[in-house]
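Going by this note's numbering, the sequence shown opens with residue 112, and the numbers climb by one from there. C-beta atoms are modelled at their ideal positions from N, C-alpha and C, and glycine is treated no differently. The next block holds one structure in the form of C-alpha cells; read it before the comments.
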Amino acid sequence: MELRIANCQYTAQADETATCDIVLPMMAEAANKGADMICLPECASRLDPVSASLMANSQTENNSDSLNMFRDAARTHNTWVMIGSLLLKSEQADDMLVNRGFLITPDGDIRARYDKIHMFDVSVNDGQNYHESSRFIAGNKTLLVQMDGWRLGMTICYDLRFPYLYRQLAAAGADLITIPAAFTKV
112 MELRIANCQY TAQADETATC DIVLPMMAEA ANKGADMICL PECASRLDPV
162 SASLMANSQT ENNSDSLNMF RDAARTHNTW VMIGSLLLKS EQADDMLVNR
212 GFLITPDGDI RARYDKIHMF DVSVNDGQNY HESSRFIAGN KTLLVQMDGW
262 RLGMTICYDL RFPYLYRQLA AAGADLITIP AAFTKV
C-alpha cells in the first residue's frame with residue numbers, strides 16, 4: 112500500500128495569523144500534488160519565545176482557532192493532517208501548557224492526540240537555558256493509531272532522545288513513526 116506524505120517545513124511565527132499565511136498555501140499545494148497525509152511541525156501555529164506572551168495568547172483545545180483551522184484544511188483537501196503539535200493551555204492547571212500533537216482525518220475529525228512526554232530541560236554552551244518543564248505538563252503514554260491500514264506512532268521532538276519509546280512503538284507494530292520538531296536559532 113502506498114502512502115504519499117508531504118512535510119510542510121517552516122518556522123512558526125509568534126503571530127498565528129502570520130503563520131497561517133505561510134502554512135495554508137503549503138497545505139493546498141501538497142494536497143494538489145496528491146498527498147495522502149500532510150505533516151506539520153511541532154509548534155505548528157505559533158512559536159513564541161516570550162513565556163508570558165505564550166501563556167497569555169494560548170487557548171485550550173476546546174477553543175483553539177488553530178486546531179479548527181487545520182481541521183477545516185483536512186476537510187477541504189480531503190487528506191490526513193498530522194499536526195506536529197499545538198501549544199495549548201492545560202485544562203488541568205491554569206498556569207501550564209501542553210505540547211499536543213494531533214492526527215486529523217480527511218473528514219476533519221480528531222483521530223488521535225499525543226502529549227509530548229520528554230521535556231527539553233537543558234543548559235547550552237552559550238549560556239542559554241531551556242526548561243520546558245517549568246511551563247509544560249508532560250504526557251505519560253505512548254500512542255499507536257490506525258490510519259488507513261497503517262499503524263502510526265506519534266512522538267514530538269525531544270522524545271527522540273529516548274530510544275525506549277521507539278522500541279515500544281516498534282514492538283507494538285508501528286509501520287511509521289512521526290517525530291515533528293521545531294528548531295530555532297541558538
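- Check the Cα spacing between residue 132 and each of 184, 174 and 145: the tightest is with 184.
- Annotated as proximal: residue 157 and residue 123, with beta-carbon spacing under 7 Å.
- Relative to residue 216, the option among 153, 188 and 232 whose CA is nearest is 188.
- Residue 155 places its beta carbon 7 Å or farther from that of residue 219.
- By the C-beta density criterion, residue 134 is buried, having at least 16 other C-beta atoms within 10 angstroms.
- By the Cβ test, the segment 222-229 is in contact with the segment 270-278, since at least three Cβ pairs between them sit closer than 8 Å.
- A straight-line Cα-Cα distance of about 8 Å links residue 166 and residue 207.
- Linking residue 190 to residue 113 through their CA atoms gives a straight-line distance of about 14 Å.
- For residue 168, there is no enclosing beta strand (DSSP E); the residue is found in the alpha helix (DSSP H) stretching over 162-168.
- Look at the segment 120-166 and you find these whole runs of beta strand (DSSP E), each 3 residues long or longer: 148-150.
- DSSP places residue 218 outside both helix and strand once states are collapsed to three, so it counts as coil.
- No residue range can be given for residue 251, since it is assigned to no alpha helix (DSSP H) and is classified by DSSP as neither H nor E.
- Counted as a single uninterrupted DSSP element, the stretch harbouring residue 201 is not any beta strand (DSSP E), since DSSP gives it neither H nor E.
- Within the same chain, and ignoring the five residues on either side of residue 221 in sequence, the residues whose Cβ sits closer than 7 Å to its Cβ are 213 and 215.
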